[in-house]
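Residue numbers 0 to 154, in numbering that gives the first Met the number 0, belong to the letters of the sequence shown in order.
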Amino acid sequence: MPEETHTIRNLVIFFLIILPLFTMSLQIPKAAGAIAKIYVEPYANTAEPGEQFTVDVKIEGVAELWAWSFYLNWTTSLLNVTSVTEGSFLNQEGAQTTYFVKKIYNNKGYLALWDTLQTPATSVSGSGTLATITFLVKAEGGSALDVCNTDLIKK
0 MPEETHTIRN LVIFFLIILP LFTMSLQIPK AAGAIAKIYV EPYANTAEPG EQFTVDVKIE
60 GVAELWAWSF YLNWTTSLLN VTSVTEGSFL NQEGAQTTYF VKKIYNNKGY LALWDTLQTP
120 ATSVSGSGTL ATITFLVKAE GGSALDVCNT DLIKK
């Protein structure tokens, strides 16, 4: 066998052995759990002008949560927020102390909410209600309730 063919054959064998080992070392391990989901419940509401309805903003599948924030958008010509209360998830039904901040901008059609544990506290895992929001229907029509700019912070 000519020396050039022998060298090529050795290179091919080398790459067949080394390349799989190299690619196995570059694999990124999968996350330990699923990605947390934030959503509005119930998904749809029906109310007449002058009536109110309430929704919960919930979280599902979170691990070791210390703080959260999000914005919620709606159509200003159709809805106004009349109240916002902290949900029971982060404060664990009042067993932990939290700092809850709400900023409502009815004229712009959004609100901003923040909630954080205060020390001493233990981070929270699982699913539950972050906030409860009550809306007043101003006019007939349909409006999406869009949760955006979410931030989940682990300790």
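Built from N, CA and C at the ideal position, the CB exists for glycine as well.
Predicted model only: the values in this text are computed from it and were never measured.
Would the beta-carbon of residue i fall within 8 angstroms of that of residue j?
i: Tyr104; j: Leu110; result: yes
i: Lys154; j: Glu63; result: yes
i: Val146; j: Leu71; result: yes
What is the DSSP secondary structure of residue i, counted as helix, strand or coil?
i: Lys102; result: strand
i: Leu89; result: coil
i: Tyr62; result: Sequence inspection shows Ala at residue 62; the Tyr mentioned does not correspond to that position. Looking at Ala62 - three-state DSSP - the assignment turns out to be strand.
i: Trp67; result: strand
i: Ala130; result: strand
i: Trp73; result: coil
i: Leu144; result: coil
i: Ser82; result: strand
Cα separation between residue i and residue j?
i: Leu77; j: Val136; result: 6 angstroms
i: Gln91; j: Pro119; result: 14 angstroms
i: Ser122; j: Val39; result: 23 angstroms
i: Asn79; j: Val61; result: 30 angstroms
i: Ser142; j: Lys102; result: 20 angstroms
i: Glu59; j: Tyr42; result: 15 angstroms
i: Trp65; j: Val56; result: 17 angstroms
Residues bridged to residue i by DSSP?
i: Thr149; result: Paired residues: none, contrary to the question.
i: Ala46; result: DSSP, once it has assigned bridges, lists no residue as partnering Ala46.
i: Ile37; result: Ile58
Let me check you understand the geometry: is the CB of residue i closer than 7 angstroms to at least one non-hydrogen atom of the ligand PLP?
i: Glu59; result: This structure does not include the ligand PLP; it has no bound ligands of any sort.
By a C-beta neighbour count over all protein chains shown, 10 Å radius and 16 as the cutoff for buried, is residue i buried or exposed?
i: Ala94; result: exposed
i: Val54; result: buried
i: Gly125; result: exposed
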